[in-house]
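Numbering (the working numbering), first residue to last: 13 to 184.
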């Protein structure tokens with residue numbers, strides 16, 4: 013229990029050091045690829061995002077949805093990627109090749125669709141090489157370029173607002 017608290021503190025310290033040097037630079041390129049980071053305790057509907065991408069005429073096979081679960085023994089299907097606390101070590105060390113590939117991919121947009129202030133989700137958001145980072149939580153505003161402050165259950169509101177801001181930013 014004490015080691016878990018020290019590990020969390022270590023990862024939070026690493027996130028803070030990365031965010032201190034973060035520069036929000038968003039390019040003018042149109043959106044082609046989107047990544048979504050979910051917390052399974054808050055939102056589990058992967059298909060809602062897939063159908064929304066089709067509505068936006070974003071049909072790239074490179075779209076990726078990754079979900080965080082506290083359950084280390086979670087059974088994943090072949091279509092979705094899950095990660096748990098065991099996939100991340102001390103000082104932000106990533107122990108999963110799938111998760112590392114997700115972080116290293118240059119997505120046009122990363123949607124961090126969670127409200128909780130979970131340090132491991134914040135770490136993945138911070139490490140992501142996505143150009144535009146969109147979140148729904150105001151817990152740590154340094155993480156995102158755009159915040160749409162809604163509850164995870166209000167997906168229909170998110171869809172309307174996200175489309176509106178992509179149009180304003182001339183990303184669609």
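Even for Gly, the Cβ is constructed at its ideal location relative to N, Cα and C.
Asked: Environment of residue 7 [buried if 16+ CB atoms lie within 10 Å]; Found: The requested residue 7 is not part of the displayed model; the chain covers only 13 to 184.
Asked: Reference residue 134, options 18, 16, 24, closest by Cα; Found: 24
Asked: Presumed contact (8 Å Cβ cut-off) between residue 49 and residue 125, rounded CB distance; Found: 7 Å
Asked: Same chain, Cβ closer than 7 Å to residue 90, five either side skipped, listed in chain order; Found: Since pLDDT at residue 90 reaches only 49, below the 50 mark, its modelled position is unreliable, and the value read off the structure follows with that caveat. Counting only Cβ-Cβ distances below 7 Å, and skipping sequence neighbours, we find nothing.
Asked: Where the beta strand (DSSP E) containing residue 95 begins and where it ends; Found: 93–95
Asked: Neighbour-count burial assignment, residue 142, 16 or more Cβ in a 10 Å radius; Found: buried
Asked: Distance cut-off 7 Å: residue 115 Cβ against heavy atoms of the ligand FAD; Found: Among the components modelled here there is no ligand, and therefore nothing to report on the ligand FAD.
Asked: Helix, strand or coil at residue 80 according to DSSP, with G and I counted as helix; Found: strand
Asked: Residues bridged to residue 147 [DSSP beta-bridge criterion]; Found: 124, 159
Asked: Selected residue, minimal CA-CA separation from residue 149, among 140, 139, 163; Found: 163
Asked: Touch test, the segment 55–68 against the segment 31–40, Cβ-Cβ under 8 Å, three pairs minimum; Found: no
Asked: DSSP-derived helix/strand/coil call for residue 44; Found: coil
Asked: Inter-residue Cα distance where the pair is residue 54 and residue 166; Found: 11 Å
Asked: Candidates 52, 160, 182: closest to residue 172 by CA position; Found: 160
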